[in-house]
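Okay, so here's the structure we're looking at.
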Amino acid sequence: MNYNTQQQTLVLPEYGRNIQNMVDYAVNIKDRKERQRCAESIINIMGNLFPYLRDVNDFRHKLWDHLAIMSDFKLDIDYPCEIMKKENLHTRPDKIPYKIGYIKYRYYGRTLEKMIQKLGEFSEEEQGKEVLTSLLANHMKKSFLTWNKEMVNDEKIFKDMDELSQGKIKIDQDFLKLRESKDILQRRNKNNNNNNNDKRRTNR
Numbered sequence: 000m001n002y003n004t005q006q007q008t009l010v011l012p013e014y015g016r017n018i019q020n021m022v023d024y025a026v027n028i029k030d031r032k033e034r035q036r037c038a039e040s041i042i043n044i045m046g047n048l049f050p051y052l053r054d055v056n057d058f059r060h061k062l063w064d065h066l067a068i069m070s071d072f073k074l075d076i077d078y079p080c081e082i083m084k085k086e087n088l089h090t091r092p093d094k095i096p097y098k099i100g101y102i103k104y105r106y107y108g109r110t111l112e113k114m115i116q117k118l119g120e121f122s123e124e125e126q127g128k129e130v131l132t133s134l135l136a137n138h139m140k141k142s143f144l145t146w147n148k149e150m151v152n153d154e155k156i157f158k159d160m161d162e163l164s165q166g167k168i169k170i171d172q173d174f175l176k177l178r179e180s181k182d183i184l185q186r187r188n189k190n191n192n193n194n195n196n197d198k199r200r201t202n203r
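Oh and the sequence shown: position 117 is 116 in numbering that gives the first Met the number 0, straight run, nothing missing.
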């Protein structure tokens with residue numbers, strides 16, 4: 000008996016040893032038409048292993064790529080699509096140019112900082128500014144409580160908003176009241192408990 004540990008390492012283990020043996024057999028078929036028919040049969044079998052991916056875009060294209068890879072690009076057939084080249088198999092993708100910049104308060108995040116700066120550009124008379132200010136301030140408080148263990152008062156939030164907007168957003172504490180910290184924490188804990196219960200039901 001030949002154990003898997005004694006055999007050649009599978010290039011794409013997800014297809015299994017039998018599919019690899021079929022590919023090796025197809026490579027050695029001398030008649031081109033027969034080799035083509037064999038390759039197409041292998042593709043159909045490979046597709047049947049992952050029926051839930053049939054509707055995924057380019058799924059069949061990927062199967063032909065995988066067939067070429069398993070044959071070490073030695074399978075001489077008429078591919079129905081352009082397959083990847085062997086020299087590109089192990090090339091690394093280009094790095095995504097992430098923007099690296101200073102974030103004043105990491106628990107608020109860059110997106111929230113940008114939203115506050117944008118809000119600071121609104122004129123005092125602009126419609127909806129008060130509502131947006133209230134929404135952002137409450138979100139700041141929620142973010143603060145998510146990433147920090149200590150409680151926070153409204154004065155701290157208003158001070159941070161003033162700083163992040165470079166003094167363009169001034170809030171009158173007598174007119175704007177944020178959600179209580181305990182209410183935010185209770186709602187967060189309730190959501191966490193609901194998520195945990197859903198996970199337990201799913202795992203049953």
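For each residue, glycine too, the CB sits at the ideal point set by N, CA and C.
For clarity, every value in this text was computed on a predicted model and none was experimentally measured.
Span of the alpha helix (DSSP H) holding residue i?
| i | result |
| --- | --- |
| L177 | No alpha helix (DSSP H) contains L177, which DSSP labels as neither H nor E. |
| R109 | G108 to G119 |
| K61 | F58 to M69 |
| T90 | Here T90 belongs to no alpha helix (DSSP H), and DSSP marks it neither H nor E. |
| N43 | R31 to L48 |
| Y24 | G15 to V26 |
| M139 | K128 to W146 |
| K155 | D153 to L163 |
Would you report the Cα separation of residue i and residue j, rounded to the nearest angstrom?
| i | j | result |
| --- | --- | --- |
| L76 | R109 | The sequence given here places Ile at residue 76; Leu does not occur at that position. Spanning the two alpha carbons is a distance of roughly 52 Å. |
| A136 | A67 | 56 Å |
| K148 | E112 | 21 Å |
| Q172 | N152 | 11 Å |
| M21 | Y51 | 23 Å |
| N17 | K94 | 37 Å |
| K117 | R91 | 37 Å |
| D161 | I170 | 8 Å |
| F58 | W146 | 41 Å |
| K176 | M150 | 16 Å |
| Q19 | E39 | 14 Å |
| Q35 | H65 | 16 Å |
| N251 | F72 | With the chain running from 0 to 203 in the structure shown, residue 251 is simply not present. |
| K85 | N47 | 26 Å |
| R178 | V130 | 14 Å |
| P96 | M114 | 22 Å |
| Q6 | H138 | 58 Å |
| T132 | N56 | 43 Å |
| D159 | E124 | 23 Å |
| D54 | Y104 | 44 Å |
Use the C-beta contact count for residue i: other C-beta atoms within 10 angstroms, 16 or more gives buried, fewer gives exposed.
| i | result |
| --- | --- |
| K140 | buried |
| H89 | exposed |
| I156 | buried |
| S164 | buried |
| Y14 | buried |
| L74 | buried |
Just checking my contact of residue i with residue j at CB under 8 Å: how many whole Å lie between their CB atoms?
| i | j | result |
| --- | --- | --- |
| Y106 | F143 | 6 Å |
| W63 | I44 | Wrong, their Cβ atoms sit about 13 Å apart, outside the cutoff. |
| I168 | G127 | Actually they do not touch by this definition, with Cβ atoms about 14 Å apart. |
| H60 | C80 | 5 Å |
| L11 | M69 | 6 Å |
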